[in-house]
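Residue numbers (the UniProt record's numbering): 1 to 295.
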Amino acid sequence: MFESLQERLQEAFKRLRGKGKLTESDVTEALREVRLALLEADVNFKVVKSFIARVKERAVGQEVLETLNPAQMVIKIVYEELVTLMGGANVGLTMADRPPTIIMLCGLQGAGKTTHAAKLALRLKKEGKKPLLVAADVYRPAAIKQLQVLGEQVGVPVYAEGDQVSPVDIAQRAFDYAAQERRDVIIVDTAGRLTIDEELMEELRQIKERLKPHDTLLVIDAMIGQDAVTTAEHFHGKLGIDGVILTKLDGDTRGGAALSVREVTGRPIKFVGVGEKLDALEPFHPDRMASRILG
Ligand code: GDP
Numbered sequence: 001m002f003e004s005l006q007e008r009l010q011e012a013f014k015r016l017r018g019k020g021k022l023t024e025s026d027v028t029e030a031l032r033e034v035r036l037a038l039l040e041a042d043v044n045f046k047v048v049k050s051f052i053a054r055v056k057e058r059a060v061g062q063e064v065l066e067t068l069n070p071a072q073m074v075i076k077i078v079y080e081e082l083v084t085l086m087g088g089a090n091v092g093l094t095m096a097d098r099p100p101t102i103i104m105l106c107g108l109q110g111a112g113k114t115t116h117a118a119k120l121a122l123r124l125k126k127e128g129k130k131p132l133l134v135a136a137d138v139y140r141p142a143a144i145k146q147l148q149v150l151g152e153q154v155g156v157p158v159y160a161e162g163d164q165v166s167p168v169d170i171a172q173r174a175f176d177y178a179a180q181e182r183r184d185v186i187i188v189d190t191a192g193r194l195t196i197d198e199e200l201m202e203e204l205r206q207i208k209e210r211l212k213p214h215d216t217l218l219v220i221d222a223m224i225g226q227d228a229v230t231t232a233e234h235f236h237g238k239l240g241i242d243g244v245i246l247t248k249l250d251g252d253t254r255g256g257a258a259l260s261v262r263e264v265t266g267r268p269i270k271f272v273g274v275g276e277k278l279d280a281l282e283p284f285h286p287d288r289m290a291s292r293i294l295g
């Protein structure tokens with residue numbers, strides 16, 4: 001991921017570094033390259049526009065151009081603005097003051113919801129919590145079975161009632177069950193569709209209304225590029241999300257979604273999925289990601 005973005009940025013900065021003293025037009029020229037590199041990496045165009053404007057505003061002033069090493073300053077500004085663009089600091093899960101904490105996962109089919117429900121459960125279990133997985137995807141054939149298999153692999157119980165019951169009722173009873181069994185985190189795997197559809201949104205809204213999750217997390221596939229941002233915008237508008245899990249960052253993605261989601265939705269990427277294995281889940285750190293991008 002980010003290889004070609006990294007290469008192009010390094011190229012742009014190399015030219016700046018070679019110059020010693022910089023003029024405003026040198027900076028403008030370099031930022032034009034940065035802009036193209038970001039667009040090519042599938043960063044949302046509105047995000048690119050405002051990002052470049054922010055960097056430019058800080059980078060062309062006399063105090064930057066007249067420093068001893070202006071190129072280094074410009075790169076530093078790009079780095080800082082990248083960190084800010086991705087949300088500044090890592091944002092963890094919102095935990096309930098009084099357990100159980102309720103986490104609701106939503107997203108399009110194939111994004112990695114079920115896998116990430118299990119990954120989160122494993123992570124929480126390792127932190128000493130007692131999670132409960134809830135199978136509320138009653139539409140996709142085998143979704144319940146898939147969650148049960150994954151639950152077994154990570155050693156976390158799965159609450160299921162089959163596929164003939166309304167997901168809202170399942171979610172409600174899972175909550176009662178969790179209280180009774182003293183499980184302290186409930187992770188609800190909801191249904192997805194291939195595309196965004198009003199009926200699904202209505203169902204998710206009802207589950208959300210009933211459960212009042214502490215964290216409603218949207219699972220999105222980084223491989224779908226610009227569509228990841230559209231999906232995020234849509235789910236946030238219709239349902240209201242608290243954060244994002246960006247999956248498949250281990251794949252051949254140009255990485256644009258990682259840079260766009262926060263700015264477009266105002267919601268942080270909390271975790272990234274970096275593989276099919278159940279421990280392939282990492283907290284998202286904007287500063288580390290920015291360092292990686294700048295190489
Ligand atoms: P759901 O329909 O949203 O529940 O998606 P699934 O959890 O069934 O995942 C769809 C496919 O993506 C499965 O084959 C997963 O193994 C795969 N997958 C999920 N997360 C990742 C990830 O972070 N990296 C990779 N490479 N594959 C993933």
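For every residue, glycine included, the Cβ atom is placed at its ideal position computed from N, Cα and C.
Outcome for residue i when other beta-carbon atoms lying within 10 angstroms are tallied against a minimum of 16
i: glutamate 198; result: exposed
i: glutamate 81; result: buried
i: leucine 5; result: buried
i: asparagine 44; result: buried
i: glutamate 57; result: exposed
i: lysine 21; result: exposed
i: aspartate 169; result: exposed
i: alanine 30; result: buried
i: lysine 19; result: exposed
i: glutamate 203; result: buried
i: proline 141; result: exposed
i: glycine 237; result: exposed
Inter-residue spacing [alpha-carbon to alpha-carbon] between residue i and residue j
i: lysine 208; j: leucine 93; result: 17 Å
i: glutamate 276; j: threonine 195; result: 23 Å
i: valine 138; j: glycine 112; result: 16 Å
i: threonine 67; j: leucine 147; result: 57 Å
i: glutamine 153; j: valine 274; result: 18 Å
i: leucine 120; j: valine 91; result: 15 Å
i: aspartate 287; j: valine 78; result: 12 Å
i: glutamate 7; j: glutamate 24; result: 23 Å
i: methionine 95; j: arginine 182; result: 15 Å
i: leucine 239; j: leucine 200; result: 10 Å
Whether residue i touches residue j by CB criterion (7 Å)
i: methionine 104; j: valine 156; result: no
i: alanine 135; j: valine 158; result: yes
i: leucine 211; j: alanine 160; result: no
i: alanine 53; j: leucine 16; result: no
i: arginine 267; j: isoleucine 241; result: yes
i: lysine 129; j: aspartate 215; result: no
i: leucine 249; j: arginine 123; result: no
i: alanine 290; j: valine 83; result: yes
Other residues of its chain near residue i: CB distance less than 8 Å, five sequence neighbours each side excluded
i: isoleucine 220; result: Gly107, Leu108, Ala111, Ala228, Thr231, Ala232, Val244, Ile245, Leu246, Thr247, Ala257 and Val261
i: alanine 179; result: Pro100
i: residue 297; result: The structure shown has nothing for residue 297, since the chain only spans 1 to 295.
i: glutamine 164; result: Val138
i: leucine 278; result: Thr115, Ala118, Lys119, Leu122, Leu150, Gln153 and Val154
6 Å CB neighbourhood of residue i in its chain, flanking five on each side removed
i: leucine 38; result: Val48
i: leucine 217; result: Leu105, Gly243 and Ile245
i: tyrosine 177; result: Tyr159
i: glycine 251; result: Met223
Anticipated Cβ contact below 8 Å, residue i with residue j, distance rounded
i: leucine 132; j: alanine 118; result: Not really, about 12 Å apart at Cβ, beyond 8 Å.
i: phenylalanine 13; j: isoleucine 293; result: Not a contact, Cβ separation roughly 12 Å.
i: valine 27; j: leucine 9; result: Contact doesn't hold; Cβ gap of about 14 Å is too wide.
i: glycine 225; j: arginine 254; result: 7 Å
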